[in-house]
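Visitor:
2 protein chains.
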Amino acid sequence: MASHRVTLLPDGKTVEVPTGSLVVEATRLAGIEVAQPCGGQGRCGRCSVQLDGGGFRRRSALRLSGADLDAGYALACQTVIEGDLQVTIPPPETLSRLLVTDRVAGAEALPFRYEPAAMQSLRVFQLTLPEPSLQDNRDDLARFLAGLTDAGHLPIEIPLPVLRRLGSDLRQAEWRPWVVLQEDPAGRRGFPAQVIELTTTPPRPLGLAIDIGTTTVSVQLVDLHTGETLTTTGEYNDQIARGEDVISRIVYAGKDGGLAELGQLVRRTLQTLLERIRRRTGVESSQILKVTVAGNTTMTHLFLGLPPESIRLTPYLPTANRPAAYRAAELDLPVHPLASVDVLPGVASYVGADITGGAYSAGLAETGDLTLFIDVGTNGEIVLGNQDWLVTCACSAGPAFEGAGVVDGMRATEGAIEEVWIHSETFEPTIRVVGGGRPRGLCGSALISLLAELFVTGVVDRGGNFKLDLGTPRLRQGEHGPEYVVAWPDETTTGRAISLTKVDVDNLLRAKAAIYAGFSVLAAGVGVDLADVQQVLIGGAFGKYINVEKAVQVGLLPDLPWERFRFLGNTSLHGAALALLSRRARQAIDDIASRMTYVELSADNSFYDAFTAALFLPHTEIRRFPSVADIWARDNGADLDRLDR
Amino acid sequence: MASHRVTLLPDGKTVEVPTGSLVVEATRLAGIEVAQPCGGQGRCGRCSVQLDGGGFRRRSALRLSGADLDAGYALACQTVIEGDLQVTIPPPETLSRLLVTDRVAGAEALPFRYEPAAMQSLRVFQLTLPEPSLQDNRDDLARFLAGLTDAGHLPIEIPLPVLRRLGSDLRQAEWRPWVVLQEDPAGRRGFPAQVIELTTTPPRPLGLAIDIGTTTVSVQLVDLHTGETLTTTGEYNDQIARGEDVISRIVYAGKDGGLAELGQLVRRTLQTLLERIRRRTGVESSQILKVTVAGNTTMTHLFLGLPPESIRLTPYLPTANRPAAYRAAELDLPVHPLASVDVLPGVASYVGADITGGAYSAGLAETGDLTLFIDVGTNGEIVLGNQDWLVTCACSAGPAFEGAGVVDGMRATEGAIEEVWIHSETFEPTIRVVGGGRPRGLCGSALISLLAELFVTGVVDRGGNFKLDLGTPRLRQGEHGPEYVVAWPDETTTGRAISLTKVDVDNLLRAKAAIYAGFSVLAAGVGVDLADVQQVLIGGAFGKYINVEKAVQVGLLPDLPWERFRFLGNTSLHGAALALLSRRARQAIDDIASRMTYVELSADNSFYDAFTAALFLPHTEIRRFPSVADIWARDNGADLDRLDR
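Order-wise, the sequence lines are chains E and D. The opening residue of the first sequence carries number 14 in this note's numbering; numbering runs sequentially from there. The opening residue of the second sequence carries number 14 in this note's numbering; numbering runs sequentially from there.
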């Protein structure tokens, strides 16, 4: 049998291996450790290496992107040596980048449709007015309005603060003022433009896009003239202290003073972010002349000070899906007091401006491809359709995917386990921890990852029940019933074990079932087979952390070819930024909101059936998940024909 | 010679007098004192009595109105007995009413042009909305706006406070809300109507008209549905403490914090008035849903918080003659926070909304008669014209007519001498004091009255110089030069004499000359002879106190037949009330403001000449004042031909 020479970098060691060996066998021979948390099953991707020379054949390339493959990356456990080869073991940071790419694929590629200033509702221009004299003794306001009329701008509203400074502003500018004019951001007819600022030198038109998430508030500071993003930053929503999900916030808002307090809390968060912007960019809040806001309907209601009560009561109506723009001062938002604050339009109580803006940002207004757009946070909002039609629904996933409602759950901060692999023979876990230190708990992505691994390795059955007889101490009867121990007490920062319990598994099953049932009902409602979906676009914080492969394995996402998924990052924030920059974008988001057909799942009889069917791993009908069925049947020696219930 | 029997009531005494006797001779015979402060010259009217029986002939009826004559009133010093007669000596309060009528004639008769609710910019109506269901699951705002659209109202602005209560208001009203809708009060195109209130029962639409005078702030509470005035009240403008005239207010506003302080002061005055309204009518301020404001340009600027600085600097431009309506909350005005506060349009820095509103209230928009409308306060504003054309100017009279800038001057409050008569032989004065007690000083009307009497009795010459050789102790060299003593120290509340000095006389001459020069220049500018003026309409506080006869004698008002003068009271407040009640009135006031040609006197070369010519009593050309010339020539034995300079 032929043997091949394998050089291992960066060490420079060389070994000879027989043809047909796996790359991991060559590294083992050289005494170089390559981690295989999944037990060499090609599932985890942690053994990725870079190959140079043509002497290899990939048996599987799961989890590697086309670009990675082009760059010669391969899974050491799944790659057969068929010639001389140079193998580079990547440093941990490269590995991390590799494995992250699949999660953020496309995030960089999001089109930034910048429109020139003329396409914006915020206008900046200079006026030249005749100087007053005893012969031309019009008052300042009449002179100014005549100048604006001559420039084609009418009708114009002059807010009181502008009028109060008009005389001195015009004189300081020697009758050649720069004018900042805000037309109605939503383009409503019959609403006058407002002069919000007069200056002597050309002002820099800065805008702020805000995404108010239930958990995280993100902002993006944009120069509206150049389209440049000056900075993007985010912070936990201070409202979390008054309830982790929208329902508890709504309940809190109903208490005496609760609505006002929740409003103050989100403003406090925004103030923190504005202060950070000031430190990073030197931009004072008062220089921000326009604001757009996206967020779910409850968040926009709390931000505007609208009681959200009716959102959770049948027939589930918000006060306003399309509020008008209000002035920042009216909303106590510490940017320029006359800046228009434009809350993007939503569709329903549980399909808000985060989804309409997100759908626009994801390109749903312009694609002919059948597209599934999802944004999973505490609630999962789903849009199905293309440029011609759109249906949408919301499913109450609960906070499990955000690490809440699970015994050892936590948010994806320092110390959170974010990914877990389980060895298919020893059932020992390998974990990755945010920040790289000792673990403190399990965040959402770890929960999905862990549930998928438990399922694929046969630690739990399709109903989510632990197989306690596998002979590993990791499986035990704990305080809360059967559990799998991810970390022992002496491995954690708290001194307590980190486990996933049967109760947690059931929570996760319900959460993923709600989302998948949403897909099913939406698709069935319009007579579409989920398998025909041409692209699955994933937005929101959820998309930042989860791993599609694992999400498919647990039956949260539909089983489609890898290349159809794209993670778009914070589509809600991006949609708000696009609306800030372009009237066309703003109008398109309005159109999306108008065109979306909202399906109220609680009023849909088929939802409960779909939900119940999805409570299994990955689903009652396993054939809906062919790739998962293959892995599972292989690893568990099961007969697929007997699996569907 | 025949004699006649004269019965004197209420005493019941009877005397016999020869035919041809004066009524005063009969009363003297009966031992009944009838005051003749003017020395029996028929000038003062204080000797008015009521006659019953036909046996008398009036030699003069000066100062008695047609109604009074019909009721049998006559001047005792000017009425000849020619038959048996019953003479009733009126009690002091009747006399006071008689002599006041000439000053307030017409005030009651001002037409109150009430328009039905449909003609108003504030609309009140009920909407019936479909109840929401799972099938009709539009959000509250969409449902409400659709209802308004169906009712023909669009575009509509929903202010944030209304949106914040929309959900609960609609539910409380069981989807049949009463809506208070405010259209742009000035009728500007392209400005949406605003919903300012939603109620479950029909709200009472109450409006407040405000006149902000430099000295006095007046308000009128009106039911906009019925047109009924609930109450009218006034109070000194608290700004007086920071300057008595507009110029000193403008100067004060330029100091650090001055503008804000003056704004607070006038709001404090308004708060006092609103509190009084509440006590009188039970109407809470928050029930007031609409406000109109009139006032001179400086007062409206201070009210709106606009710096008035440029008003007093050439070319004398205000910030805004026609500010938009703003919300009460923006102006810190404690009525309904969303009530529109509509400041009526002015024409120029010194011709404000008090004049446009006043001119409308005086009927200038609808009269074919050549009309002179004047409003004299600290400044004198003058309008000349009719329904086809209007010219206007303002003359800086200074505060003399308001009792300021004169040694013993004061405002027309308790203790102020308000009228003076001088005996033509003894030169002793008779005075009337506000409140009836001992005097403290001279108010504006007393100054005009006193100057006229001093002139007519020859105590001062036509140049305003005292004739110190008349042999009366009343004329003396005082601390401030030559003076006439109106009250000795033991007659006053202060223990100090009350005098009119030469300096005071010069001040008064300048003030009246400025006004009369204004008339002259305006009339000359349009080629009109003042003698052709068909009506002189007098508005403002000035008209409440002065005596036309005396004002003509000093040359302040043109010498026209008595019946051409009408005192209209507070035309500014009345104009504001009319604008509150009717869109047509509001539009007409706008039209008046547009049509008025403003003449800037300081830019008019003929003004100085006219002013200089008017510095004499009554004028350099005494023939302009034929009635005065007659009296003066008779009493002073002068040759009219030699009088004109």
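Every residue gets a Cβ at the ideal spot worked out from N, C-alpha and C, and that includes glycine.
1) Measure the alpha-carbon distance for C57(D) versus F532(D) and round it to whole angstroms.
2) Could you confirm whether any beta carbon from chain E is found closer than 8 Å to the beta carbon of A642(D)?
3) Quick one: Cα of V28(D) to Cα of T625(D), how far?
4) Looking at the structure shown, is Q63(D) part of a helix, part of a strand, or coil, going by DSSP?
5) Quick check on this structure: which residue in R59(E), L278(E), T245(E), T242(E) has the alpha carbon closest to the alpha carbon of G256(E)?
6) So, is Y621(E) buried or exposed, given that buried needs 16 or more other C-beta atoms within 10 angstroms?
7) For S462(E) and P452(E), I'd like the C-alpha separation in whole angstroms.
8) Against chain D, does E121(E) count as a neighbour if the rule is that its beta carbon must be under 8 Å from one of theirs?
9) Where does A337(E) land, buried or exposed, given buried means 16+ other C-beta within 10 angstroms?
10) Closest Cβ-Cβ distance between A118(E) and chain D: below 8 Å?
11) Could you pull out every unbroken alpha helix (DSSP H) segment of at least 4 residues lying fully inside the stretch 446-479 of chain E, listed in chain order?
12) Could you please give me the residues that DSSP links to C406(E) through a beta bridge?
13) Residues of chain D with CB closer than 9 Å to the CB of F204(E), please, in chain order.
14) Tell me, to the nearest whole angstrom, how far the beta carbon of A199(D) is from that of D603(D); I am working on the premise that it is less than 8 Å.
15) Starting from the beta carbon of E432(D), find every residue of chain E whose beta carbon is closer than 7 Å, and list them in chain order.
16) Residues of chain E with CB closer than 7 Å to the CB of L179(D), please, in chain order.
17) Identify every residue that forms a DSSP beta bridge with V19(E).
18) Going along chain E, which residues have a C-beta under 9 Å from Y329(D)?
19) In the DSSP assignment, find the alpha helix (DSSP H) that holds G40(E) and state where it starts and stops.
20) If the criterion is Cβ atoms closer than 8 Å, does the pair S134(E) and D197(E) meet it?
21) Closer than 8 Å, Cβ to Cβ, to anything on chain D: give me those residues from the stretch 334-348 of chain E, in chain order.
22) For G531(E), would you say it is in contact with chain D, using Cβ-to-Cβ distances shorter than 8 Å as the test?
23) Tell me, please, whether the stretch 352-364 of chain E touches the stretch 328-335 of chain E by the rule of three or more beta-carbon pairs shorter than 8 Å.
24) Below 7 Å, is the gap between the Cβ of L569(E) and the nearest heavy atom of the ligand FMN?
25) Could you list which residues in chain E have their beta carbon closer than 8 Å to that of G318(D), in chain order?
26) Does the stretch 187-197 of chain E come close enough to the stretch 239-258 of chain E to have 3 or more Cβ pairs within less than 8 Å?
27) Using only CA atoms, which one of P347(D), K480(D), L614(D) lies nearest to R280(D)?
28) Between the Cα of T305(E) and the Cα atoms of D355(E), N334(E), E288(E), V259(E), which residue gives the shortest distance?
29) Comparing alpha-carbon positions, which option in Q63(D), R71(D), G67(D), G66(D) lies nearest G55(D)?
30) On a CA-only basis, which of T246(D), P23(D), A375(D), A84(D) is nearest L581(D)? Give me that one, please.
31) Which one or two residues does DSSP pair with A352(D) in a beta bridge?
32) Would you call the stretch 484-491 of chain D and the stretch 439-452 of chain D in contact, with 3 or more CB pairs under 8 Å?
33) Assuming P320(D) and S181(E) make a contact with CB atoms under 8 Å, what is their CB distance in whole Å?
34) Could one say the Cβ of S323(E) lies closer than 8 Å to chain D's Cβ atoms, at least one of them?
35) Drop a sphere of 10 angstroms on the beta-carbon of M132(D), count the other beta-carbons inside from all chains shown, and report buried for 16 or more, exposed for fewer.
36) Am I right that V230(D) and T282(D) are in contact with their C-beta atoms under 8 Å? What's the rounded C-beta distance?
Guide: Per the coordinate set shown:
1) When only Cα atoms are considered, C57(D) and F532(D) end up about 27 Å apart.
2) With its beta carbon at least 8 Å from every one in chain E, A642(D) lies outside the interface.
3) Just so you know, the alpha carbons of V28(D) and T625(D) end up roughly 55 Å apart.
4) Note: Q63(D) maps to strand in three-state DSSP.
5) Comparing alpha-carbon positions, the option among R59(E), L278(E), T245(E), T242(E) lying closest to G256(E) turns out to be L278(E).
6) Residue burial annotation: Y621(E) is exposed, with fewer than 16 other C-beta atoms found within 10 angstroms of its C-beta.
7) Cα atoms of S462(E) and P452(E): separation of roughly 16 Å, rounded to the nearest angstrom.
8) A caution first: E121(E) carries a pLDDT of 39, below 50, which makes its placement in the model too unreliable to give a value.
9) In summary, A337(E) is buried, with 16 or more beta-carbon neighbours lying within 10 Å of its beta-carbon over all protein chains present.
10) Since pLDDT at A118(E) reaches only 37, below the 50 mark, its modelled position is unreliable, and no value is offered.
11) Whole alpha helix (DSSP H) segments, 4+ residues: 457-469.
12) Under the DSSP definition of a beta bridge, C406(E) partners with I395(E).
13) Result: P168, E170, G203, F204, P205.
14) The C-beta distance from A199(D) to D603(D) rounds to 7 Å, short enough to fall under 8 Å.
15) Under the 7 Å cutoff, chain E gives no residues; its nearest Cβ is about 41 Å from E432(D).
16) Chain E residues near L179(D): T332.
17) Beta-bridge pairing links V19(E) to V28(E), L98(E).
18) In chain order: L147, N150.
19) Sequence inspection shows Thr at residue 40(E); the Gly mentioned does not correspond to that position. Looking at the DSSP string, the run of the alpha helix (DSSP H) that includes T40(E) is 36-42.
20) Taking the C-beta atoms as reference points, D197(E) is found nearer than 8 Å to S134(E).
21) So the list reads N334, R335, P336, A337, Y339, E343, L344, given in the order they occur along the chain.
22) The Cβ of G531(E) sits no closer than 8 Å to any Cβ of chain D.
23) Yes: the two stretches touch, three or more of their Cβ pairs being nearer than 8 Å.
24) Absence of the ligand FMN from the depicted structure is noted, as is the absence of any ligand whatsoever, leaving it without description.
25) Within 8 Å Cβ-Cβ: L173, R177.
26) The stretch 187-197 of chain E, when compared against the stretch 239-258 of chain E, does not touch it at the 8 Å Cβ threshold.
27) Of P347(D), K480(D), L614(D), the residue nearest in Cα terms is P347(D).
28) Nearest of D355(E), N334(E), E288(E), V259(E) to T305(E), Cα basis: D355(E).
29) Nearest to G55(D) by C-alpha distance, out of Q63(D), R71(D), G67(D), G66(D), is R71(D).
30) Ranking T246(D), P23(D), A375(D), A84(D) by Cα distance to L581(D) puts A375(D) first.
31) DSSP lists no partner for A352(D).
32) Touching, per the Cβ criterion.
33) Yes, P320(D) and S181(E) are in contact; Cβ-Cβ is about 7 Å, under 8 Å.
34) Yes - at least one Cβ of chain D is within 8 Å of the one on S323(E).
35) Exposed.
36) Indeed they touch by this definition, with Cβ atoms about 5 Å apart.
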